[in-house]
Amino acid sequence: MTWLDLPADSLFGVDNLPYGVFSPAEGAPRAGVRVGDLVLDLAAALDDPVFAQASLNPFMAQGVARWREVRARVTELLTQDRHRAATEPHLHRLNEVTLRLPIEVADYVDFYASEHHATNLGRLFRPGTPPLTPNWKHLPIGYHGRAGTVVVSGTPVVRPKGQRKPADAEAPVFGPSVRLDIEAEVAYVVGTGSALGESVAVADFAERVFGVCLLNDWSARDLQAWEYVPLGPFLGKSFATSVSPWIVPLDALAHAWVAPPPRDPEPLPYLADAGKQGLDLTLEVRLNGHRISNPPYTSMYWTGAQMLAHLSANGATTRTGDLYGSGTVSGPREDQYGSLIELTAAGAKPLELPDGTWRTFLEDGDEVTLTGTAPGPSGSRIGLGEVTGRILPERPEPPAFWRT
Ligand code: MN
């Protein structure tokens, strides 16, 4: 129950309460909690300067006991009538604020945890060989991405340029990507880190990870195909990675935890499951407003807990603000694929959109939006924030006089 006037089916009711950073019409950026189509100014409502900053990192660094305390307090403020008069003045309408990148991204890692996606990509990138590499079911495969180019939803994406080698050409060419793609992913945000030389156990996931968001790992498939052997993705991915503006705390996902798929073979002991650490999330991918896929996160082979245990297994430091993506979420069916390279069989089967246009890869002006929901209490749903981005044409070369 709440004194707020929220529709019963709101995806952002008082059971969700995700965190973000916003700029009000006047004043400096600050942390907030979303409820319905409003955002609560936490620094003002809680009279706590840790929230009067342009990033959630200082709050996340305070640890899981403090996260739970703040969530309980915000829930009280928004549900008990006696707090209404003091709290209401600190609510802003979402359409009157600017949402910002909610965290200062420390390190960014991207995994490859969907068996369906890895199998589909293996067939497309390495025809004639087994689609899953021999290591795939023994460890969550990942690569280090570029933290500095993680951007918030709404940030335009300039078509990247780079080297690609057309199939019928003898030598590579340089120019704008002609196979620009998306990857629909879920990402985890580390709240409290671990020291150099330590590792985070699978069972410690919930006290280290602050929450989850949606992530679009924009991918230039032509650049990627030419550059990725033998060291993995590089410039085909690092030009931009978009995240949703709201971090949904793990405590809001209490009704979404599910057992991960059966393991065969059993992973090594440091990757052994510690309870239900899979997540029942349903994603939606829209291209220019048309739904083109519904990837099911439930089907992911590796859990977020296993990814964190693996990325720190060698003693690498983890830090407040570390962000790690799940890898493209793809289910077994064609309408559950999380990338255009899968949805169009690498361009061989163009998609017809309801407006009569056809797509293989992204064209300039295209807009991609990812949304997601999770089960909430009593059959309700809670929403993840949406992540959207529009493709801008490649930047023209600077005029000749700039180079003299
Ligand atoms: Mn990815």
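The end of the sequence shown is residue 583 by this note's numbering, with every number in the run present.
For each residue, glycine too, the CB sits at the ideal point set by N, CA and C.
Counting the other Cβ atoms within 10 Å of the Cβ of Phe230 gives 16 or more, which makes it buried.
When Phe238, Gly206, Asp227 are compared, the shortest CA-CA separation from Thr277 is found for Gly206. In this structure, the C-beta of Asp396 approaches the ligand MN to less than 8 Å from one of its heavy atoms. Per DSSP, the continuous alpha helix (DSSP H) segment holding Ile520 begins and ends at 519–522. Across the set Ser378, Leu402, Gly510, Leu490, the C-alpha of Gly510 shows the shortest separation from the C-alpha of Ala363. Boundaries of the alpha helix (DSSP H) harbouring Gly483: 483–490, taken from the DSSP string. In summary, Leu522 is buried, with 16 or more beta-carbon neighbours lying within 10 Å of its beta-carbon over all protein chains present. With a cutoff of 8 Å, Glu283 does not count as near the ligand MN, since its C-beta is closer than that to no heavy atom of the ligand. Distance between Val337 and Ile570, taken at the CA atoms: about 6 Å. Val249 places its beta carbon less than 9 Å from that of Leu225.
Residue nearest to Gly415 within the set Ser398, Arg279, Ala438 is Ser398 (criterion: CA-CA distance).
Not a single heavy atom of the ligand MN lies less than 8 Å from the C-beta of Asp226.
When the beta-carbon positions are compared, Gln241 and Arg209 stay at least 9 Å from each other. Note on geometry: alpha-carbon atoms of Trp246 and Thr371 lie some 11 Å from one another.
One thing to note: Gly215 has its Cβ no nearer than 9 Å to the Cβ of Pro281.
Spanning the alpha carbons of Ala297 and Trp182 requires a straight line of approximately 47 Å. Counting only runs that start and end inside the region 217–263, the alpha helix (DSSP H) elements of at least 4 residues fall at 221–225, 236–239, 243–258. Within a 10 Å sphere around the beta-carbon of Ser557 sit fewer than 16 other beta-carbons, which makes this residue exposed. Under the DSSP assignment, His295 falls outside any beta strand (DSSP E), being part of the alpha helix (DSSP H) whose first and last residues are 294–304.
Put simply, the backbone Cα of Asn236 is about 27 Å away from that of Val508. Within the chosen limit of 8 Å, the ligand MN reaches the beta carbon of Glu362 through at least one heavy atom. DSSP places Phe384 within a helical segment (H, G or I) once states are collapsed to three. Put simply, the region 435–447 does not touch the region 347–364. Fewer than three CB pairs are less than 8 Å apart. Considering only Phe304, Ala265, Leu532, Ala264, the residue with the shortest C-alpha distance to Ala404 is Phe304. Val464 has Ser472, Leu549 as its beta-bridge partners, per DSSP. Ranking Tyr503, Val464, Thr499 by CA distance to the CA of Trp481 puts Tyr503 first.
Looking only at Met180, Gly192, Phe389, Val330, the smallest Cα-Cα distance to Val243 is reached by Phe389. The distance from the Cβ of Gly526 to that of Phe540 is about 7 Å, consistent with a contact at the 8 Å cut-off. The three-state reading of DSSP puts Ala404 in helix, counting H, G and I together. A distance criterion of 8 Å places the beta-carbon of Asp286 beyond contact range of the ligand MN, judged by its closest non-hydrogen atom. When DSSP states are grouped into helix, strand and coil, Ala435 belongs to the coil group. Measuring C-alpha to C-alpha distances from Thr496 to each of Gly376, Pro310, Glu445 identifies Gly376 as the nearest. Burial of Asn195 is indicated by the presence of at least 16 other C-beta atoms within 10 angstroms of its C-beta. The ligand MN never approaches Lys316 closely enough for any of its heavy atoms to be under 8 Å from the residue's Cβ. Between Leu402 and the set Leu393, Ala435, Arg343, Asp286, the nearest pair of CA atoms involves Arg343.
In this structure, the ligand MN has a non-hydrogen atom nearer than 8 Å to the beta-carbon of Tyr291.
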